[in-house]
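Report on one structure; see the data block that follows.
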Amino acid sequence: MSKKTSVLLIYTGGTIGMMQDARSGELRPFDFKTLTQQIPELNKFDIELSSFSFNEPIDSSNMNPEVWIELASTIKENYDHFDGFVVLHGSDTMSFTASALSFMLENLNKPVVLTGSQLPIGIIRTDGKENLITAIEIAGAKIKNKPVVTEVCIYFEYKLYRGNRTFKYNSQHFDAFKSPNYPALAEAGVNISYNKNALLKPNKKALRVYTQLSNDIAILKLFPGISKKITSAILNSPGLKAVIIETFGAGNASTQDWFTNELKAAINKGIIVLNITQCLEGKVIQGMYETSSHLKKIGAVGGSDLTFESAVTKLMFLLGQKLSNKQIVKQLTTNLRGEMS
Ligand code: ASP
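In this note's numbering, the protein residues as written are 22 to 362.
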């Protein structure tokens with residue numbers, strides 16, 4: 022007799038599990054147990070569902086690396102006991118969490134599907150029910166007894182995306198996420214249709230979970246007129262190990278001497294400078310224009326088509342390991358979990 026497919030639901034918080042405070046009208050997290058009462062359909066699945074709720078469910082704007090470590094550790098502890106995992110999470114920082122988990126969980130051979138909603142489950146027009154039910158189905162999907170999905174993804178409004186390729190682009194629509202540089206992994210209509218060529222291939226190695234992250238990073242978003250004073254203050258922040266420069270177009274920035282010299286001084290001090298573009302689609306090609314050749318020359322690292330969320334979490338992950346700067350630069354430009362083309 023084959024064993025029933027089992028899925029662990031991990032509840033971190035977010036709108037999907039919130040209720041409106043009768044007096045103030047504010048949305049606040051409610052007891053997770055009520056969730057299954059709200060969606061009786063969950064009992065109809067031919068999937069064995071178990072749940073784990075974080076002690077204090079949070080609005081995902083309060084998300085932080087400690088919670089990512091707790092999440093990765095929860096998946097590690099339960100990895101051998103379940104066929105798949107669904108993480109209920111607020112949509113605001115869901116792409117950051119999905120990206121972080123993708124780096125923290127190496128050789129993942131089971132699905133980890135993050136989902137949430139724009140409207141709380143208790144509201145009639147909620148998008149939470151469909152998101153949750155289909156996310157569970159995807160987490161339990163198998164072909165020839167092998168999981169269909171073996172990576173960290175986001176399921177939202179009929180689409181399954183590779184998590185580390187996404188960002189939240191809409192705070193009002195149900196269709197809240199985009200993955201401009203990588204196709205959807207699946208689309209849910211009458212059937213769930215998987216884009217097999219886009220899915221990561223599983224490997225036979227054992228899961229390895231990384232639980233060291235470093236947040237000694239800063240962001241320098243460029244704009245015409247950015248001042249030397251502010252640029253210098255950011256680059257000389259105490260304890261800074263890496264800075265992401267958000268540049269224009271294909272990775273371009275001002276060629277003014279003061280700007281190049283500030284960056285050069287930071288790189289010479291051992292600070293990693295990662296160049297990603299402010300454009301949401303396309304990629305950084307350092308050296309395509311004169312306005313990016315100087316960045317290449319001083320040793321800025323071209324981030325290709327990394328999303329902002331992936332750039333932040335990939336740096337946190339790499340800085341958390343005992344790696345030399347040379348090794349970090351090598352890994353930054355290597356596609357580790359399908360995060361870059
Ligand atoms: N503020 C909420 C959160 O990210 C929004 C949501 O759940 O979609 O936790």
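From the three backbone atoms N, C-alpha and C, an ideal C-beta is built for every residue, glycine too.
1. What residue ranges within the region 155 to 207 form continuous beta strand (DSSP E) runs of no fewer than 3 residues, ordered along the chain?
2. Taking 7 angstroms as the cut-off, does the CB of T276 come closer than this to any heavy atom belonging to the ligand ASP?
3. Relative to the C-alpha of K199, which residue among V211, L206, E208 and R186 is closest?
4. Just the Cα atoms here: how many angstroms apart are R49 and Q41?
5. In terms of alpha-carbon separation, which member of F103, L109 and G34 lies closest to I79?
6. Just the Cα atoms here: how many angstroms apart are K256 and K217?
7. How would you label H110, buried or exposed, when you count the other beta carbons within 10 angstroms and need 16 or more for buried?
8. Within 10 angstroms of its Cβ, does A227 collect 16 or more other Cβ (buried), or is it exposed?
9. When every heavy atom of the ligand ASP is checked, does at least one fall within less than 7 angstroms of the C-beta of G35?
10. Does the distance between the C-beta of S81 and the nearest non-hydrogen atom of the ligand ASP fall short of 7 angstroms?
11. Among A209, T36, D237 and E283, whose alpha-carbon lies nearest the alpha-carbon of S112?
12. Taking the Cβ atom as the reference point for each residue, do S123 and E360 lie within a distance shorter than 8 angstroms?
13. Around the C-beta of S331, are 16 or more other C-beta atoms found within 10 angstroms, so that it is buried, or is it exposed?
14. With a threshold of 16 other CB atoms inside 10 Å of the CB of T26, please say whether the residue is buried or exposed.
15. Spatial neighbours of K351 within its chain, please: C-beta separation below 6 angstroms, excluding the five flanking residues on both sides.
16. Would you say Q307 touches the ligand MN, meaning its beta carbon is less than 7 angstroms from a heavy atom?
17. For L221 and A93, what's the separation of their Cα atoms in angstroms?
18. Report whether the distance from the Cβ of T147 to the nearest heavy atom of the ligand ASP is below 7 angstroms.
19. Please work out which residues of its chain come closer than 7 angstroms, Cβ to Cβ, to R229, disregarding the five sequence neighbours upstream and downstream, and give them in chain order.
20. Mind checking whether G303 and A271 have CB atoms under 8 angstroms apart?
21. If we count the other Cβ atoms within 10 Å of its Cβ and call it buried at 16 or more, is R183 buried or exposed?
22. May I ask whether a heavy atom of the ligand ASP can be found less than 7 angstroms away from the beta carbon of S74?
23. Does the beta-carbon of Q139, which I'm using as the reference point, lie nearer than 7 angstroms to any heavy atom of the ligand ASP?
24. Within a Cβ cutoff of 7 angstroms, which residues of the same chain sit near P86, ignoring the five residues on either side of it in sequence?
25. Comparing alpha-carbon positions, which option in S120, I144 and H194 lies nearest I90?
26. Locate the alpha helix (DSSP H) running through E283, then write down its first and last residues.
27. Kindly examine the ligand ASP and report whether one of its heavy atoms sits closer than 7 angstroms to the Cβ of S112.
28. Taking only the alpha-carbon atoms, compute the straight-line gap between I154 and I31 and give it to the nearest angstrom.
29. According to DSSP, which residues form a beta bridge with Q59?
30. Suppose the cutoff is 7 angstroms on Cβ atoms and the five residues either side in sequence are ignored; what does the same chain contact list for T16 look like?
31. Is G34 helix, strand or coil by DSSP?
32. Taking one C-beta from the region 317 to 328 and one from the region 281 to 289 each time, how about it: are there three or more such pairs within less than 8 angstroms?
33. For H102, which residues from the same chain have a beta carbon less than 8 angstroms from its beta carbon, with the 5 sequence-adjacent residues on both sides left out?
34. With 16 as the cutoff for other CB atoms within 10 Å, does K343 come out buried or exposed?
Inspection of the coordinates gives the following:
1. 173 to 177 and 180 to 183
2. Along the sequence shown, one-based indexing puts residue 276 at 255. Short note on T276: C-beta not closer than 7 angstroms to any heavy atom of the ligand ASP.
3. Working through the sequence shown from its first residue, we reach residue 199 at position 178. Closest by alpha carbon: R186.
4. Taking the first residue of the sequence shown as 1, we reach residue 49 at position 28. Taking the first residue of the sequence shown as 1, we reach residue 41 at position 20. C-alpha separation (whole angstroms): 6 angstroms.
5. The count along the sequence shown starts at 1 and reaches residue 79 at position 58. Per the Cα distances, G34.
6. What you label residue 256 is simply residue 235 of the sequence shown in a count that begins at 1. What you label residue 217 is simply residue 196 of the sequence shown in a count that begins at 1. For the sequence presented, residue 256 should be read as Leu rather than Lys. Using only the alpha carbons, I get a separation of about 43 angstroms.
7. Walking along the sequence shown from the start, residue 110 turns up at place 89. Label assigned to H110: buried.
8. The residue you call residue 227 lines up with position 206 of the sequence shown. Per the 10 Å Cβ criterion, exposed.
9. Within the sequence shown, the letter at position 14 stands for residue 35. Yes, the Cβ of G35 comes within 7 angstroms of a heavy atom of the ligand ASP.
10. Taking the sequence shown and counting its residues from 1, one reaches residue 81 at position 60. Yes.
11. As a position in the sequence shown, residue 112 is number 91, starting the count at 1. The residue from A209, T36, D237 and E283 with its alpha-carbon nearest to that of S112 is T36.
12. The count along the sequence shown starts at 1 and reaches residue 123 at position 102. The count along the sequence shown starts at 1 and reaches residue 360 at position 339. Yes, they are a contact pair.
13. The residue given as residue 331 occupies position 310 in the sequence shown. With 16 or more other Cβ atoms within 10 Å, it is buried.
14. To locate residue 26, count along the sequence shown from 1; it is residue 5. Looking at its Cβ environment, which holds 16 or more other Cβ atoms inside 10 Å, T26 is buried.
15. Stepping through the sequence shown from its first residue, residue 351 is reached at position 330. Nothing listed; no residue qualifies.
16. Ligands displayed in this structure: the ligand ASP; the ligand MN is not among them.
17. Taking the sequence shown and counting its residues from 1, one reaches residue 221 at position 200. Taking the sequence shown and counting its residues from 1, one reaches residue 93 at position 72. Distance between the alpha carbons of L221 and A93: 19 angstroms.
18. For this step, residue 147 is matched to residue 126 along the sequence shown. A distance criterion of 7 angstroms places the beta-carbon of T147 beyond contact range of the ligand ASP, judged by its closest non-hydrogen atom.
19. In the sequence shown, the residue the question calls residue 229 occupies position 208. Around R229: E127 and N128.
20. For the purposes of this step, residue 303 is taken as the residue at position 282 of the sequence shown. For the purposes of this step, residue 271 is taken as the residue at position 250 of the sequence shown. A contact, by the Cβ cut-off of 8 angstroms.
21. Counted from its first residue, the sequence shown places residue 183 at position 162. So R183 ends up on the buried side.
22. Your numbering for residue 74 matches position 53 in the sequence shown. Not so, every heavy atom of the ligand ASP lies at least 7 angstroms from the Cβ.
23. As a working note, residue 139 is residue 118 in the sequence shown. Within the cutoff, so yes.
24. The count along the sequence shown starts at 1 and reaches residue 86 at position 65. Cβ neighbours of P86 beyond the five flanking positions: L234, N236 and M337.
25. Residue mapping note: residue 90 aligns to position 69 of the sequence shown, counting from 1. Ranking the options by Cα distance to I90, first place goes to S120.
26. In the sequence shown, counting from the first residue as 1, residue 283 sits at position 262. Annotation: the continuous alpha helix (DSSP H) that includes E283 extends over D278 to N289.
27. If you number the sequence shown from 1, residue 112 lands on position 91. Yes, the beta carbon of S112 sits closer than 7 angstroms to at least one heavy atom of the ligand ASP.
28. Your numbering for residue 154 matches position 133 in the sequence shown. Your numbering for residue 31 matches position 10 in the sequence shown. Cα to Cα, I154 sits roughly 14 angstroms from I31.
29. For the purposes of this step, residue 59 is taken as residue 38 along the sequence shown, with counting starting at 1. Per DSSP, none; premise fails for Q59.
30. Residue 16 lies beyond the stretch modelled for the chain, which goes from 22 to 362, so this question has no answer here.
31. What you label residue 34 is simply residue 13 of the sequence shown in a count that begins at 1. If DSSP states are grouped into helix, strand and coil, G34 belongs with the strands.
32. As far as the Cβ criterion goes, the region 317 to 328 touches the region 281 to 289, which means the pair count is three or higher.
33. Position 81 of the sequence shown, counted from the first residue, corresponds to residue 102. S27 and L29, listed in sequence order.
34. For the purposes of this step, residue 343 is taken as the residue at position 322 of the sequence shown. So K343 counts as exposed.
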